[in-house]
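In the working numbering, the protein residues as written are 1345 to 1594.
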């Protein structure tokens, strides 16, 4: 099975992130359970903004391989849908290592990582060990909704060296963070590190940078956060270029 990876907007795809150092997290607990011989269970919950996401598809793969904008599920494959509380379970799964992918609501895109509060688990997809006569309790899988950008529009050319970044306001977001980084290609949509955040805790849905942007091509991303510091929405990475830039290579 070969499918497209996570994308939050219709204008761009968000590829798997580059490997970065991430905060340590507690080990996922195992709970004793009655299962068939040689099998165990996996249980978890899909949430958005602290609410369970109902009827959401979850895929368990014997081997989960990711590429730039896609992933492939190999080996044994199990499917489940969440209940009204966003909970799901895989029962009597053969003992072994598995990867997990979650459909992004009703879209054709999938999430192959699990977010923790205020951070993103970055790098290859996480794998989980199924142990005999045990239920593995996963951390909640947090989905994000799309933020529609207004300016600069995707892959556009702007004249201003201090362009206004603007996006559609999201009622459920308590504040926004804006990240901007130079790049060498309008095709570069790899996720931007939070080290390049130029504005955080913004209540409004627009921002003009204090300093001029001197490079030729930039990528940018805006995230929406709830009061608990959980990312609940993202624009995905957008790119634009600046006309008559100083460092243009002919």
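All C-beta atoms, glycine included, are put in the ideal place defined by N, C-alpha and C.
Every value quoted in this text rests on a predicted model; they were computed, and no experiment measured them.
- Using a 10 angstroms sphere on the CB of residue 1432, the tally of other CB atoms reaches 16 or more, which defines it as buried.
- Sixteen is the threshold: since fewer than 16 other Cβ atoms of the shown chains lie within 10 Å of the Cβ of residue 1471, the residue is exposed.
- Between residue 1499 and residue 1583, the CB-CB gap stays under 8 Å.
- Within the same chain, and ignoring the five residues on either side of residue 1420 in sequence, the residues whose Cβ sits closer than 6 Å to its Cβ are 1406.
- Of the candidates 1400, 1576 and 1380, 1576 places its Cα closest to the Cα of residue 1490.
- A distance of 8 Å or more separates the beta carbons of residue 1480 and residue 1580.
- In the pairwise beta carbon analysis, the region 1546-1565 is classified as touching the region 1525-1538: at least three pairs are separated by under 8 Å.
- Scanning 1455, 1375, 1503 and 1574 for the CA closest to the CA of residue 1476 turns up 1375.
- Between the C-alpha atoms of residue 1506 and residue 1418 there is a straight-line separation of about 47 Å.
- The alpha-carbon separation between residue 1539 and residue 1381 amounts to approximately 48 Å.
- Bounds of the beta strand (DSSP E) holding residue 1401 are 1401-1410.
- Straight through space, the alpha carbons of residue 1520 and residue 1545 are spaced by roughly 6 Å.
- In this structure, residue 1525 and residue 1570 do not form a Cβ contact; the two beta carbons are roughly 25 Å apart against a cut-off of 8 Å.
- Counting along the chain, residue 1450 sits inside no beta strand (DSSP E), nor does DSSP assign it H or E at all.
- For residue 1539, the three-state secondary structure derived from DSSP is helix.
- By the Cβ neighbour-count rule, residue 1428 is exposed, with fewer than 16 other Cβ atoms within 10 Å of its own.
- Counting along the chain, no beta strand (DSSP E) covers residue 1439, and no H or E run does either.
- Comparing C-alpha distances from residue 1543 to each of 1527, 1496, 1509 and 1497 shows the shortest one belongs to 1509.
- Residue 1435 is not a Cβ neighbour of residue 1404, given a cutoff of 8 Å.
- In this structure, the CA atom of residue 1478 is about 7 Å from the CA atom of residue 1378.
- The Cβ atoms of residue 1487 and residue 1448 lie closer than 8 Å to each other.
- In the DSSP assignment, residue 1523 is bridged to 1541 and 1565.
- By the criterion of a C-beta distance shorter than 7 Å, residue 1442 is surrounded in its chain by 1404, 1405, 1406, 1471, 1472 and 1474, once the five residues flanking it on both sides are discounted.
- Counting along the chain, the unbroken beta strand (DSSP E) around residue 1481 starts and ends at 1478-1481.
- Spanning the alpha carbons of residue 1495 and residue 1587 requires a straight line of approximately 15 Å.
- Using a 10 angstroms sphere on the CB of residue 1547, the tally of other CB atoms stays under 16, which defines it as exposed.
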